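If you want this note's numbering, it's the 1-based position in the sequence shown plus 4. C-beta: ideal position from N, C-alpha, C; glycine also. As the structure is a prediction and not an experimental result, all values here were calculated from the model. The structure appears below as structure tokens.
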Amino acid sequence: MRFLLVFFITFFSVSSDQSLRAQQKDFSGVEVSVDQDRFVDFLRQQPYERDNHTIGLRIGFYGKAANHTYLGLPWVRENIDAFLIDNLLHNRGFQPEVISHNFAITINGFSPSYISDQTLLFDAAQLSGYDFLQDRPFSSFTGIRSSRRLEGSKLFAHSAHRLDMAISTSFTFGFASFGMIQGIENLFGGNRPEANLWKRDETKVYPTGQTMPKGLPVLMYSFSYEAVVLRPIRKIVIQLRPEVNLGTYTNVGVGMDIGKVMNVEKNVDNLGYTDANNPSLLKVNNENIGIAISAGFTARAVLYNAHLNGIYSANPDHYISLQDTRKLVLETYVGAKIQLLKKIEFSMSINSRTSEFKLAEKKTPYWGTLGMKYLIAPEGEGCYD
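Structural data, given as structure tokens:
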């Protein structure tokens, strides 16, 4: 795995210079982001209740305080960063410019197509042959995440070419299958039926409840590297984005983003879903109105996904075997954000993922992400989420 990290960041070093830390305010901003299938129901054909897949909630704050040792998780992440990245690579010309941190509470869950058996549509699906065992299982994660982002550049002396880049790491720790995910599903579900299948009910002939044992500790370490490969005009950026995720979701991915960025941004903000392996970027624009638009894709080679595979088949009632798990998954997104008066940012994205398993109910789900951020930092200063 060290070799992969060295390859992905192409021998550029990472610095944790204390002068960079001083650029951050103690508190640079706060954010609330929500994932929900119904946010993109305007793209679907009715009835909508058969198109469930994703629910997520993230509440975070940003700045120097988000990296405080008293929070616990930043200390763990810093030591992993030092072992895998900071002390591993030699300085090969990378010039760090900005360091920023985030600490977030994150809750995310995934469900089969139907989340309620108390509707006529569910009964009709059962009569027509719908089988829960051929669809993905219920699963959820509730925990906290500590993230660090380094932005900088490398100057190639032989060509005088300057390469803008960003290196992001995060460590996530929490627990599987807490009951609050059902409440969040119902809170943001709008006019969709009340979700009742998240809870295990042994009296039903089809599997209910979540595939991972309740309260099981789970964790994940994520790394991504963004390198601007083309800037045809000043505010249009095309970048490559290799990624590595280890833990609950273990995979290696390569992505590409293209977008119109705000004045203060050098890299494209990946506005995709709020799953734990995909934090987003926040920077305060230097004008009262700032608009950014982006789109991108990621191809992932998947080794393990606890949301599908469970934990060593701990729940034999419903899980997707490693044999039936697709080893290559493609994710795409398109999104936009707007900042107003250097204080408020609104964002929305539409996200999609190809089928993750080979069974009969294979589908390409898509969902929406809505976010709001309150900006405390001065213009030009970023805070990483």
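key: Contacts around Gly178, its chain only, beta-carbon distance under 6 Å, and the 5 residues preceding and following it disregarded   = In the sequence shown, the residue the question calls residue 178 occupies position 174. Within the same chain, Gly178 has close Cβ partners Phe145, Thr146, Gly147.
key: Where the alpha helix (DSSP H) through Met80 begins and ends   = Numbered from its first residue, the sequence shown carries residue 80 at position 76. Checking the sequence shown, residue 80 turns out to be Val, not Met. Note, Val80: alpha helix (DSSP H), 77-85.
Simplified DSSP state of Glu53, which is helix, strand or coil = Taking the first residue of the sequence shown as position 1, residue 53 is located at position 49. If DSSP states are grouped into helix, strand and coil, Glu53 belongs with the helices.
ask   = Shortest alpha-carbon distance to Gly263 belongs to which of Pro236, Thr278, Asp85?
value = By 1-based counting over the sequence shown, the position of residue 263 is 259. Out of Pro236, Thr278, Asp85, Pro236 has the C-alpha closest to the C-alpha of Gly263.
key: From Ala180, Tyr277, Trp79, Phe87, residue whose alpha carbon lies closest to that of Gly60   = On the sequence shown, residue 60 is found 56 positions in, with the first residue counted as 1. The option with the nearest alpha carbon to Gly60 is Tyr277.
key: Cα-Cα separation, Gly384 to Lys287   = If you number the sequence shown from 1, residue 384 lands on position 380. If you number the sequence shown from 1, residue 287 lands on position 283. Their backbone Cα atoms lie some 6 Å apart in a straight line.
request  = Indicate the three-state DSSP secondary structure (helix, strand or coil) for Lys393 in the structure shown.
outcome  = Residue 393 cannot be examined here, being either before or after the span of the chain that is shown, 5 to 389.
request  = Measure the C-alpha to C-alpha separation of Ile63 and Lys346 and round it to an integer number of angstroms.
outcome  = For the purposes of this step, residue 63 is taken as residue 59 along the sequence shown, with counting starting at 1. For the purposes of this step, residue 346 is taken as residue 342 along the sequence shown, with counting starting at 1. Rounded to whole angstroms, Ile63 to Lys346 spans 20 Å at the Cα level.
task = With distances taken Cα to Cα, identify the nearest neighbour of Leu77 among Pro283, Ile342, Ala180, Phe107.
result = Locating residue 77 in the sequence shown gives position 73, counting from the first residue. The residue with the shortest Cα to Cα distance from Leu77 is Phe107.
query = Which residues bound the beta strand (DSSP E) around Ala381?
reply = Position 377 of the sequence shown, counting from 1, holds the residue named residue 381. Run containing Ala381: none; DSSP gives neither H nor E here.
request  = Note the first and the last residue of the continuous beta strand (DSSP E) segment covering Asn309.
outcome  = Translated into the one-based positions of the sequence shown, residue 309 becomes position 305. Note, Asn309: beta strand (DSSP E), 293-309.
query = Among Met184, Phe182, Ile103, which residue has its Cα nearest to the Cα of Arg152?
reply = As a working note, residue 152 is residue 148 in the sequence shown. Nearest of Met184, Phe182, Ile103 to Arg152, Cα basis: Ile103.
message = Check whether the region 320-334 and the region 349-360 touch, using three or more Cβ-Cβ pairs below 8 Å as the test.
response = Between the region 320-334 and the region 349-360, the count of Cβ pairs shorter than 8 Å is three or higher; the stretches touch.
query = Should the region 171-185 be called in touch with the region 218-232, which here means at least 3 C-beta pairs below 8 Å?
reply = With the cut-off at 8 Å, the region 171-185 and the region 218-232 touch.
request  = Helix, strand or coil for Asn271, going by three-state DSSP, please let me know.
outcome  = Counting from one through the sequence shown, the residue named residue 271 turns up at place 267. DSSP places Asn271 in coil when its eight states are reduced to three.
ask   = Nearest CA to the CA of Ala299: which residue from Ser32, Gly193, Val338?
value = As a first step, residue 299 is located in the sequence shown; it is residue number 295 there, counting from the start. For the residues Ser32, Gly193, Val338, the minimum Cα distance to Ala299 belongs to Val338.
message = Run through the DSSP bridge pairs and tell me what Gln40 is partnered with.
response = Residue mapping note: residue 40 aligns to position 36 of the sequence shown, counting from 1. Beta-bridge annotation (DSSP): Gln40 is paired with Ile59, Gly372.
inquiry  = Between Leu307, Asn290, Leu363, which has its C-alpha nearest His322's C-alpha?
reply    = Here the question's residue 322 lines up with position 318 in the sequence shown. Checking every option, the nearest Cα to that of His322 belongs to Leu363.
request  = Just confirm the distance between the C-beta atoms of Pro283 and Ser172, as a whole number of angstroms; I'd bet it's less than 8 Å.
outcome  = Locating residue 283 in the sequence shown gives position 279, counting from the first residue. Locating residue 172 in the sequence shown gives position 168, counting from the first residue. Sure, about 7 Å apart at Cβ, within 8 Å.
ask   = Under the DSSP definition of a beta bridge, which residues are partnered with Lys341?
value = Here residue 341 refers to the residue found at position 337 when the sequence shown is read from its first residue. Answer is Ala296, Ser351, bridged to Lys341.
message = Taking the alpha helix (DSSP H) that Leu250 belongs to, which residues open and close that run?
response = Here residue 250 refers to the residue found at position 246 of the sequence shown. Premise fails: Leu250 lies in the beta strand (DSSP E), 240-251, not in any alpha helix (DSSP H).
Every unbroken beta strand (DSSP E) within the region 144-215, with a cutoff of 3 residues, ordered by chain = 165-180
ask   = Could you give the C-beta distance for Leu275 and Ser353, rounded to a whole number, given that I count them as a contact under 8 Å?
value = The count along the sequence shown starts at 1 and reaches residue 275 at position 271. The count along the sequence shown starts at 1 and reaches residue 353 at position 349. About 4 Å; that satisfies the 8 Å criterion.
key: Opening and closing residue of the alpha helix (DSSP H) in which Ala128 lies   = One-based indexing of the sequence shown puts residue 128 at position 124. It spans 124-131 - the alpha helix (DSSP H) in which Ala128 sits, taken as one unbroken run.
Met266, enclosing beta strand (DSSP E) - first and last residue = The sequence position of residue 266 within the sequence shown is 262, counting from 1. Segment: none, Met266 is in no beta strand (DSSP E) and carries neither H nor E.
Spatial distance of Phe142 from Leu159 (CA atoms) = Along the sequence shown, one-based indexing puts residue 142 at 138. Along the sequence shown, one-based indexing puts residue 159 at 155. Each residue's Cα considered, the two are about 48 Å apart.
key: For Tyr229, the three-state DSSP class (helix, strand or coil)   = Position 225 of the sequence shown, counted from the start, is the residue given in the question as residue 229. Note: Tyr229 maps to strand in three-state DSSP.
inquiry  = Quick check: Lys270 and Ser157, are their CB atoms within less than 9 Å of each other?
reply    = Working through the sequence shown from its first residue, we reach residue 270 at position 266. Working through the sequence shown from its first residue, we reach residue 157 at position 153. It is a contact, given that the beta carbons lie within the stated cut-off.
query = For the putative contact between Ile348 and Tyr370, defined by C-beta atoms under 8 Å, what is the C-beta separation to the nearest angstrom?
reply = Looking up residue 348 in the sequence shown gives position 344. Looking up residue 370 in the sequence shown gives position 366. Not quite, the Cβ-Cβ distance comes to about 27 Å (not below 8 Å), so this is no contact.
task = Taking only heavy atoms of the ligand SAM into account, decide whether any of them is closer than 8 Å to the Cβ of Ser174.
result = The model depicted lacks the ligand SAM and carries no ligand whatsoever.
query = So the beta strand (DSSP E) Leu286 belongs to, where does it begin and stop?
reply = Working through the sequence shown from its first residue, we reach residue 286 at position 282. Segment 285-287, the beta strand (DSSP E) holding Leu286.
task = Taking the CB atoms as reference points, tell me whether Ala280 and Thr176 lie closer together than 9 Å.
result = Position 276 of the sequence shown, counted from the first residue, corresponds to residue 280. Position 172 of the sequence shown, counted from the first residue, corresponds to residue 176. Their beta carbons are under 9 Å apart, which means Ala280 touches Thr176 by this criterion.
query = Excluding five sequence neighbours on each side, which residues of the same chain lie with their C-beta closer than 6 Å to the C-beta of Trp202?
reply = As a working mapping, residue 202 is identified with position 198 in the sequence shown. Counting only residues of its own chain and dropping the five nearest sequence neighbours on each side, Trp202 has a CB closer than 6 Å to the CB of Phe142, Gln186.
query = Going by Cα to Cα distance, which pick from Asp168, Tyr134, Phe46, Gln122 is closest to Pro100?
reply = If you number the sequence shown from 1, residue 100 lands on position 96. For Pro100, the nearest C-alpha among the options comes from Asp168.
ask   = Exposed or buried, Ala381, counting other C-beta atoms within 10 Å across all chains shown (16 or more means buried)?
value = Translated into the one-based positions of the sequence shown, residue 381 becomes position 377. Ala381 should be labelled buried.
Within 9 Å, strictly: CB atoms of Gly294 and Asn255 = Indexing the sequence shown from 1 puts residue 294 at position 290. Indexing the sequence shown from 1 puts residue 255 at position 251. No, the Cβ-Cβ distance between Gly294 and Asn255 is not below 9 Å.
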